[in-house]
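One structure below.
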């Protein structure tokens, strides 16, 4: 077992191990003064692991309720959010009870936002079941839902009691879903430097526990210094401004990881065409994305991407902060005029070197 402690406004532990889902009660017990555990999950996770988690809790005398959503980003919406709140109220969930967000990023974001706002906040525990959620979305307290105008436009910062990462749950992931997490890991490699970047040239499954541990530590170190995403935490958005635009334009038919890969590729090209990084850096990132089988074709024009970015929650007074790359291990936050964005993207997409 590996344990990483996050010491921000609220101190909590991230537990990384294998085959611990059946022991979930032992991890929940210290934080639970009530008798109800409310689980937000999706249909696939529930069919695979719902009974294991439920049995662990019910066998210790807890009342367990599950709210099961269809898998996919389309479920992270206002209808499901309101339905979860109403269902918790109907079931009598109180502030002494707990909500478990059990699944990938969608149950994590939706469940986390419900926990943050129901009764002005009830205890929350994350059990991520995808590689992407394990290394990224379950850590740091970001919760939220999508609006028709854009991704994650309604949300809150809300820290969990703990994050329980059972890496054995990753074994049943389809290859494409597992690969979604690669994009976030490549992002961490670009942010942190050549030591991690060079390690992830190898197949990740052969060293998954160590890689997850390193990525979680990187995110922990950043969010501890900037929990509210107003400074250096924005570095974690590397590739994500473009990715969110791609997701929105696709009607969320392109997965988050696939969109992040496209975002990382375009941002590396922008960084090169704007004179921030060398061609060698651009080539390294492009080769890494290709090595792991990502399709980096953007699919949408520069104007469409720029227009979609105007809905991004990170914009401010006619500007948006783009995270650009100077070198592997050296990224910067660049304030960019929205009126220049189409031309910047167009120049990058036209580069064929």
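In my numbering, the protein residues as written are 123 to 475. In this text, a Cβ means the ideal position worked out from N, Cα and C, and glycines have one as well.
If you draw a straight line from the C-alpha of residue 452 to the C-alpha of residue 407, how long is it?
Distance between the alpha carbons of residue 452 and residue 407 is about 13 Å.
Exposed or buried, what is residue 271 when buried is set at 16 or more other beta-carbons lying within 10 Å of its beta-carbon?
The residue is exposed, with fewer than 16 neighbouring Cβ atoms inside 10 Å.
Going along the chain, which residues of its own chain have a beta-carbon closer than 7 Å to the beta-carbon of residue 454, five neighbours each way excluded?
446, 448.
Suppose the cutoff is 6 Å on Cβ atoms and the five residues either side in sequence are ignored; what does the same chain contact list for residue 286 look like?
Contacts found: 137, 149, 249.
Just list the beta strand (DSSP E) runs in the segment 267-335, keeping only unbroken ones of 3 residues or longer that don't cross its boundaries, in chain order.
If only uninterrupted beta strand (DSSP E) runs of at least 3 residues are considered, those enclosed by the segment 267-335 are 272-279, 284-288.
Assuming residue 227 contacts residue 254 (C-beta within less than 8 Å), just tell me the rounded distance between them.
Taking 8 Å as the upper bound for CB-CB distance, residue 227 and residue 254 are in contact here, some 6 Å apart.
From residue 335 to residue 310, what does the alpha carbon distance come to, in whole angstroms?
Computed Cα separation, rounded: 12 Å.
Could you give the DSSP three-state label for residue 374: helix, strand or coil?
Three-state DSSP puts residue 374 in coil, outside helix and strand.
Among the candidates 123, 175, 358, whose CA atom is the shortest distance from the CA of residue 258?
For the residues 123, 175, 358, the minimum Cα distance to residue 258 belongs to 358.
Spatial neighbours of residue 304 within its chain, please: C-beta separation below 6 Å, excluding the five flanking residues on both sides.
The residues are 414.
C-alpha distance - residue 123 paired with residue 221, whole-angstrom precision:
Straight-line Cα distance between these residues: approximately 24 Å.
Cα-Cα separation, residue 224 to residue 469:
Using only the alpha carbons, I get a separation of about 42 Å.
Sub-8 Å separation of residue 411 and residue 387 beta-carbons:
In contact: residue 411 and residue 387 (Cβ atoms closer than 8 Å).
Could you tell me if residue 347 is buried or exposed, where buried requires 16 or more neighbouring beta carbons within 10 angstroms of its beta carbon?
Counting Cβ neighbours within 10 Å, residue 347 comes out exposed, since fewer than 16 surround it.
Determine whether the beta carbon atoms of residue 165 and residue 193 lie at a separation below 8 Å.
Taking 8 Å as the Cβ cut-off, residue 165 and residue 193 qualify as a contacting pair.
For residue 261 versus residue 342, is the C-beta distance shorter than 8 Å?
Taking the C-beta atoms as reference points, residue 342 is found nearer than 8 Å to residue 261.
What is the rounded straight-line gap between the Cα of residue 428 and the Cα of residue 467?
If I take the Cα positions, the gap works out to 8 Å.
Would you call residue 208 buried or exposed, if buried means 16 or more other Cβ atoms sit within 10 Å of its Cβ?
So residue 208 ends up on the exposed side.
In whole angstroms, what is the alpha-carbon distance linking residue 237 and residue 475?
Distance from the CA of residue 237 to the CA of residue 475, rounded to the nearest whole angstrom, comes to 48 Å.
Counting along the chain, where does the alpha helix (DSSP H) carrying residue 229 start and finish?
Element bounds for residue 229: 227-239.
Looking only at DSSP bridge pairs, what is residue 416 linked to?
None, per the DSSP bridge assignment.
Report the three-state DSSP secondary structure of residue 123 (helix, strand or coil).
Note: residue 123 maps to coil in three-state DSSP.
Assumed close pair residue 288, residue 151 - CB separation to whole angstroms, cut-off 8 Å:
Incorrect: roughly 17 Å between the Cβ atoms, too far for contact.
Contact set for residue 263: own chain, Cβ-Cβ below 7 Å, skip 5 residues either direction:
Excluding positions up to five away in sequence, the list reads 279, 280, 281, 349.
Suppose you measure from the CA of residue 391 to the CA of residue 188; what does that come to, to the nearest Å?
One alpha carbon belongs to residue 391, the other to residue 188, and they sit about 44 Å apart.
Under the rule that 16 or more other beta-carbon atoms within 10 Å means buried, what is residue 172, buried or exposed?
Of the residues assessed, residue 172 falls on the buried side of the cut-off, its CB having 16 or more other CB atoms within 10 angstroms.
Among residues of its own chain, excluding the 5 on either side of residue 331, which ones have a beta-carbon nearer than 7 Å to its beta-carbon?
Excluding residues within five positions, the ones whose Cβ falls inside 7 Å are 138, 289.
Which one of 462, 450, 472 has the shortest CA to CA distance from residue 443?
Per the Cα distances, 462.
Go ahead and pull the three-state DSSP assignment for residue 219.
Of the three classes helix, strand and coil, the one that applies to residue 219 here is coil, per DSSP.
Answer with buried or exposed for residue 211, where buried requires no fewer than 16 other C-beta atoms within 10 angstroms of its C-beta.
Result: exposed.
In terms of residue numbering, what span does the alpha helix (DSSP H) encompassing residue 173 cover?
Per DSSP, the continuous alpha helix (DSSP H) segment holding residue 173 begins and ends at 173-180.
Rounded straight-line distance, which links the Cα of residue 457 to that of residue 439
Rounded to the nearest angstrom, the two C-alpha atoms are 11 Å apart.
For residue 250, three-class secondary structure by DSSP:
Look at residue 250 here: in three-state DSSP terms it is strand.
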